[in-house]
Amino acid sequence: MDIAKAFESDQIPTIQIQADQVAPDIAAYARTQVEALRAGHNGQTLYIRADELAEQVIATLIAKADGMFLWVNLQLDNLCQVSKAHKDSLILEALLSLPRGLPDTYSRIMERIDAQSQYMRGLALKCLTWIVYAEEPLRTMDLQRALAIHADCKKLEDLELDEISVIIEACGNLVEETRHSLRPVHYTVQEFLGRSIQEQNMTAIHREILDVPPAHNIISRACLLFLNLEVLAGPKPVASALESFLLSRAIAQYAARYFDYHFTNSSMQSDTKRYLEMLLRRSGQHLAAILQIKLFQERFDLGYSFRAMKFAVSASTFVYGSLLYNIAEIRQRWLEDTPPRYALHVACAIGLLPAVSNLLSQDCDLNERDEEGKSPLYHASVAGHVEIVRSLLEQGVDVNQLGGKYHSALQAASYRGRNRIVKILLDNGADVN
Numbered sequence: 010m011d012i013a014k015a016f017e018s019d020q021i022p023t024i025q026i027q028a029d030q031v032a033p034d035i036a037a038y039a040r041t042q043v044e045a046l047r048a049g050h051n052g053q054t055l056y057i058r059a060d061e062l063a064e065q066v067i068a069t070l071i072a073k074a075d076g077m078f079l080w081v082n083l084q085l086d087n088l089c090q091v092s093k094a095h096k097d098s099l100i101l102e103a104l105l106s107l108p109r110g111l112p113d114t115y116s117r118i119m120e121r122i123d124a125q126s127q128y129m130r131g132l133a134l135k136c137l138t139w140i141v142y143a144e145e146p147l148r149t150m151d152l153q154r155a156l157a158i159h160a161d162c163k164k165l166e167d168l169e170l171d172e173i174s175v176i177i178e179a180c181g182n183l184v185e186e187t188r189h190s191l192r193p194v195h196y197t198v199q200e201f202l203g204r205s206i207q208e209q210n211m212t213a214i215h216r217e218i219l220d221v222p223p224a225h226n227i228i229s230r231a232c233l234l235f236l237n238l239e240v241l242a243g244p245k246p247v248a249s250a251l252e253s254f255l256l257s258r259a260i261a262q263y264a265a266r267y268f269d270y271h272f273t274n275s276s277m278q279s280d281t282k283r284y285l286e287m288l289l290r291r292s293g294q295h296l297a298a299i300l301q302i303k304l305f306q307e308r309f310d311l312g313y314s315f316r317a318m319k320f321a322v323s324a325s326t327f328v329y330g331s332l333l334y335n336i337a338e339i340r341q342r343w344l345e346d347t348p349p350r351y352a353l354h355v356a357c358a359i360g361l362l363p364a365v366s367n368l369l370s371q372d373c374d375l376n377e378r379d380e381e382g383k384s385p386l387y388h389a390s391v392a393g394h395v396e397i398v399r400s401l402l403e404q405g406v407d408v409n410q411l412g413g414k415y416h417s418a419l420q421a422a423s424y425r426g427r428n429r430i431v432k433i434l435l436d437n438g439a440d441v442n
């Protein structure tokens with residue numbers, strides 16, 4: 010979204026800052042940064058022998074910054090790299106060819122990333138891919154785990170994590186750590202990475218990031234490797250235990266929630282398909298633990314989405330409860346002839362309309378209550394899945410069936426603020442009393 014246009018559309022008063030208005034601040038910033046870097050502050054050093062050259066660096070940065078502090082910072086990052094040879098002539102050469110504007114600067118940085126050692130380039134590719142394609146930001150520790158996980162890993166403690174500084178350096182300082190999360194240094198970095206530029210100017214690594222199926226393969230592979238770890242041996246008995254587990258291993262929640270999204274959008278490479286096969290062959294308790302996390306949507310209301318999973322879970326249940334259902338090959342191989350118990354409840358809770366439609370066509374009991382006394386309609390209503398609620402009502406489900414924490418589908422939808430569903434239920438005869 011264009012931020013300026015968003016404000017304009019809502020008729021919010023805006024103040025536009027011109028480059029010349031911040032010129033004195035840019036000048037002060039450039040001088041302070043050059044002096045600090047020459048002194049080796051903050052782990053970076055700008056090796057300049059001649060004071061005259063240092064003044065030329067400052068003057069050039071001021072003249073070309075066009076009001077952009079970030080541009081100044083990124084040029085200094087590059088000059089620090091160049092200065093490692095301890096030759097003023099190389100700094101002068103780099104100074105005379107500084108890129109204009111942020112897009113050209115990002116392109117120059119991508120060239121530098123592309124030319125790194127194989128390990129550092131691969132690390133950058135994985136990190137930038139996660140940043141561009143992840144459905145929600147990961148905490149720094151969880152991203153470190155996602156970047157480090159490998160096929161031979163049996164437990165999290167086996168992982169040899171990359172230092173944050175190493176990851177940032179591999180990414181050419183296009184990312185930074187803020188609020189315990191690695192993020193782009195500026196929103197324009199995310200825009201640049203996700204947008205095609207002229208083919209002749211695009212680096213190989215940028216092309217790889219923009220190649221959507223292989224990019225999703227990187228993430229789905231990491232998710233599947235994590236979900237195969239023994240740490241997910243079985244579901245937690247109470248909500249507080251699950252919450253504690255996820256606080257220390259948030260990557261588990263991301264992997265459980267989104268592995269299927271990334272897999273269905275990936276190139277489904279042979280190794281990733283093999284890890285999925287391994288997962289589907291896991292014990293019912295292992296698969297139940299993953300479904301428990303997938304269903305656990307909101308930590309601020311533990312009673313809303315926690316399920317103790319006190320019922321038998323099979324690979325068939327697991328497929329009905331994930332986007333894997335949308336892949337014909339997986340349906341044909343893993344779905345049982347008779348739907349497993351509570352498959353409809355799981356599909357309704359997670360919001361998988363195609364799976365629900367299939368189960369409804371197989372004459373599943375619409376009003377069956379699960380081990381917690383909740384009906385399929387209750388699950389769909391509390392989770393806010395409008396089309397599934399409509400489908401169940403069209404099939405003649407009992408709109409006033411009692412059960413669950415909130416006692417009825419109407420009360421559950423009301424408590425959760427699902428106003429559209431409340432109206433649909435009332436229109437279909439739900440009893441307000």
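Read in order, the letters of the sequence shown correspond to residues 10 to 442 in this note's numbering.
Don't be surprised by glycine CBs; every beta carbon is placed ideally from N, CA and C.
Given the structure is predicted, the values throughout are model-derived calculations rather than measurements.
{"Item": "Pull up the CB-CB distance for Gln-153 and Asp-171, whole angstroms please, since I reckon it's below 8 Å.", "Value": "6 Å"}
{"Item": "Output needed for Leu-333: all residues of its chain with C-beta closer than 6 Å, excluding positions within five of it in sequence on either side, in chain order.", "Value": "Asp-269 and Ile-339"}
{"Item": "Which of the three DSSP states is assigned to Pro-112 in this structure?", "Value": "helix"}
{"Item": "Using the C-alpha atoms, what's the distance from Ala-231 back to Asp-161?", "Value": "12 Å"}
{"Item": "Tell me whether Gly-412 counts as near the ligand NAD, meaning its Cβ is closer than 7 Å to at least one heavy atom of that ligand.", "Value": "Here there are no bound small molecules, and the ligand NAD is not part of this structure."}
{"Item": "Would Val-406 pass as a contact of Leu-386 if the rule is Cβ separation under 8 Å?", "Value": "yes"}
{"Item": "Near Gly-419, which residues of its chain fall below 6 Å by C-beta distance, leaving aside the five closest residues on each side in sequence?", "Value": "Note that residue 419 is Leu in the sequence shown, not Gly. So the list reads Leu-434 and Ala-439, once near-sequence residues are dropped."}
{"Item": "In chain order, what residues of the same chain lie with their CB nearer than 7 Å to the CB of Gly-382, ignoring the 5 residues before and after it?", "Value": "Gly-412 and Gly-413"}
{"Item": "Starting from Pro-222, follow the beta strand (DSSP E) in both directions and report where the run begins and ends.", "Value": "Looking at the DSSP string, Pro-222 is not in any beta strand (DSSP E); the run it does join, the alpha helix (DSSP H), is 221–236."}
{"Item": "Quick check: the Cα distance between Ile-35 and Val-66, rounded to an integer number of angstroms?", "Value": "13 Å"}
{"Item": "Between Ser-98, Ala-179 and Glu-120, which lies nearest to Ala-63 when the distance is taken from Cα to Cα?", "Value": "Ser-98"}
{"Item": "What span of residues does the alpha helix (DSSP H) with Leu-88 cover, start to end?", "Value": "78–91"}
{"Item": "Helix, strand or coil for Leu-344, going by three-state DSSP, please let me know.", "Value": "coil"}
{"Item": "With DSSP run on the structure shown, which of helix, strand or coil describes Pro-385?", "Value": "helix"}
{"Item": "Would you identify the three-state DSSP class for Thr-149, choosing helix, strand or coil?", "Value": "helix"}
{"Item": "Going by the DSSP bridge assignment, what does Arg-192 pair with across the sheet?", "Value": "Glu-185"}
{"Item": "Select from Ala-213, Leu-256, Glu-252 and Arg-291 the residue whose C-alpha is nearest the C-alpha of Ala-242.", "Value": "Arg-291"}
{"Item": "Please report the Cβ distance between Leu-300 and Met-318, rounded to the nearest whole angstrom; I am assuming they are in contact, meaning their Cβ atoms lie under 8 Å.", "Value": "7 Å"}
{"Item": "Round the Cβ separation of Leu-191 and Thr-138 to the nearest angstrom and send it over; I've been treating them as touching at under 8 Å.", "Value": "So it is not a contact: roughly 13 Å between Cβ atoms."}
{"Item": "Please name the residue, chosen from Ser-417, Leu-183, Arg-109 and Trp-343, that lies closest to Val-198 on a Cα-to-Cα basis.", "Value": "Leu-183"}
{"Item": "Tell whether a beta-carbon distance below 8 Å holds between Ala-133 and Cys-180.", "Value": "yes"}
{"Item": "To test your reading of the DSSP string, which unbroken alpha helix (DSSP H) runs of 4 or more residues are found completely within the stretch 235–316?", "Value": "248–257, 259–273, 279–289, 293–304 and 311–314"}
{"Item": "Work out the CA separation of Gln-127 and Glu-403 for me, nearest whole Å.", "Value": "57 Å"}
{"Item": "Which term fits Lys-245, buried or exposed, when burial requires 16 or more other beta carbons within 10 angstroms of its beta carbon?", "Value": "buried"}
{"Item": "Mind checking Ala-337: buried by the 16 CB within 10 Å criterion, or exposed?", "Value": "exposed"}
{"Item": "Would you call the CB atoms of Thr-114 and Trp-80 closer than 8 Å?", "Value": "yes"}
{"Item": "Does the beta-carbon of Leu-361 have 16 or more other beta-carbons within 10 angstroms, so that it is buried, or is it exposed?", "Value": "buried"}
{"Item": "Comparing C-alpha positions only, which one of Thr-281, Leu-369 and Ile-397 sits nearest to His-159?", "Value": "Thr-281"}
{"Item": "Can you round the beta-carbon distance between Val-328 and Leu-353 to whole angstroms, since I take them to be within the 8 Å contact cut?", "Value": "That belief does not hold up - the Cβ atoms of Val-328 and Leu-353 are roughly 13 Å apart, past 8 Å."}
{"Item": "Residues in its own chain within less than 6 Å of Tyr-351 by CB, not counting five upstream and five downstream?", "Value": "Phe-320 and Asp-379"}
{"Item": "Runs of 4 residues minimum, wholly inside the stretch 154–185: which ones carry the alpha helix (DSSP H) assignment?", "Value": "173–179"}
{"Item": "Please state the DSSP three-state secondary structure of Leu-62.", "Value": "helix"}
{"Item": "State the start and end residues of the unbroken alpha helix (DSSP H) segment that holds Ala-39.", "Value": "32–47"}
{"Item": "Just list the residues that DSSP pairs Ser-417 with in beta bridges.", "Value": "Leu-411"}
{"Item": "Just reading off the alpha helix (DSSP H) that Glu-144 is part of, what are its end residues?", "Value": "From DSSP, Glu-144 is part of no alpha helix (DSSP H); its letter is neither H nor E."}
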